[in-house]
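**Student:** Okay, handing you the structure first.
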Amino acid sequence: MIHQLVCSRTGSNLLFISTKIFHRRRVTMLQDVMDTGESMVKILKSSKADDELRKVREKQQCFFERHLDVKKTITLVLNGVVQCEDEASQKLLDMEGQKSQAERELDSLEQELQQCTARSQNMDSELQFLQRELESLRDSEQELQTLQQEVDDDTTEVIPSAIYVAQLYHKVTRIKWEYDTEPHILRGVHYGADLATPINIDSSVRSRCSVSDELWNFVSTEW
569 MIHQLVCSRT GSNLLFISTK IFHRRRVTML QDVMDTGESM VKILKSSKAD DELRKVREKQ
629 QCFFERHLDV KKTITLVLNG VVQCEDEASQ KLLDMEGQKS QAERELDSLE QELQQCTARS
689 QNMDSELQFL QRELESLRDS EQELQTLQQE VDDDTTEVIP SAIYVAQLYH KVTRIKWEYD
749 TEPHILRGVH YGADLATPIN IDSSVRSRCS VSDELWNFVS TEW
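The numbers in my numbering rise by one with no breaks, and the one at position 87 of the sequence shown is 655.
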């Protein structure tokens, strides 16, 4: 009980002391504010206050001007940066467009190269074929020349002798043959001393001996 009373009195004393200290400090602060206000009024009323105020305003104006200069400089720098970024972006877009165009041209050139390669291969094949054809034509020409030479030889040697033999047969047999008949038909005219006798023999239905005998009957035995 005594302890509680002691504690209660102690707490009351502390509260009183704290309140008194706070009040004193408040009064002191108010006094300081009043003193400061009076000092400021005195300074403002003096000529030095005008000078100080003018200096402060000049410094403030100078600071403001510097601020504007710095702001202008920063604005110019930022505008330059933005312009550089825009130019760089445009150059990048242009380069991308040029790259795409170059890639398309490269693809087109590759396709043309493939087509030219294919045409070249076809032309090589055609050239080889034409070379083989030319060689074949040369061989054929050589064969024709050889055959022509053989024909020329036959013309100069065989035909005259054949003509001679035919003329000899005609003089011996006195038979003039027709050569525009069918292969198995023997047609002509035998010119005797007093009479011309036509000849028309179908060799397909008669034997060679029978045909030969009939023809030899036209030949005169009188020389």
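Beta carbons are placed, not taken as given, at the ideal position from N, Cα and C, and that holds for glycine. Remember, predicted model here, so these are calculated numbers, not experimental data.
Straight-line CA distance for residue 667 to residue 700?
**Tutor:** Approximately 49 Å between the Cα atoms of the pair.
**Student:** In three-state terms, what does DSSP make of residue 774?
**Tutor:** It is coil, neither helix nor strand.
**Student:** List the DSSP bridge partners of residue 758.
**Tutor:** Bridge partners of residue 758: 743 and 765.
**Student:** Tell me the DSSP bridge mates of residue 753?
**Tutor:** Answer is 770, bridged to residue 753.
**Student:** Residue 783: which of 762, 673, 656 and 744 sits nearest, CA to CA?
**Tutor:** For residue 783, the nearest C-alpha among the options comes from 744.
**Student:** Taking all protein chains shown into account, decide if residue 756 is buried (16 or more other Cβ within 10 angstroms of its Cβ) or exposed.
**Tutor:** The residue is buried, with at least 16 neighbouring Cβ atoms inside 10 Å.
**Student:** Leaving out five residues before and five after residue 765 in sequence, what residues of the same chain have Cβ atoms less than 6 Å from its Cβ?
**Tutor:** Excluding positions up to five away in sequence, the list reads 758.
**Student:** Whole angstroms is fine: what's the gap from residue 647's alpha carbon to residue 639's?
**Tutor:** Straight-line Cα distance between these residues: approximately 12 Å.
**Student:** Using three-state DSSP, classify residue 785 as helix, strand or coil.
**Tutor:** Correct three-state label for residue 785: coil.
**Student:** Below 8 Å between beta carbons: does that hold for residue 769 and residue 779?
**Tutor:** Yes. Within cutoff.
**Student:** What's the call for residue 695, buried or exposed, on a 16-neighbour Cβ count within 10 Å?
**Tutor:** Classification for residue 695: exposed.
**Student:** Does the separation of the CB atoms of residue 754 and residue 775 fall below 8 Å?
**Tutor:** No; because the gap between Cβ atoms is not below 8 Å, this pair is not in contact.
**Student:** If you draw a straight line from the C-alpha of residue 674 to the C-alpha of residue 682, how long is it?
**Tutor:** Distance between the alpha carbons of residue 674 and residue 682 is about 12 Å.
**Student:** Could you tell me whether the Cβ atoms of residue 773 and residue 740 are closer together than 8 Å?
**Tutor:** Cβ atoms of residue 773 and residue 740: not closer than 8 Å.
**Student:** Excluding the 5 residues flanking residue 715 on each side, which residues of the same chain have their C-beta closer than 7 Å to its C-beta?
**Tutor:** Hits under 7 Å: none found.
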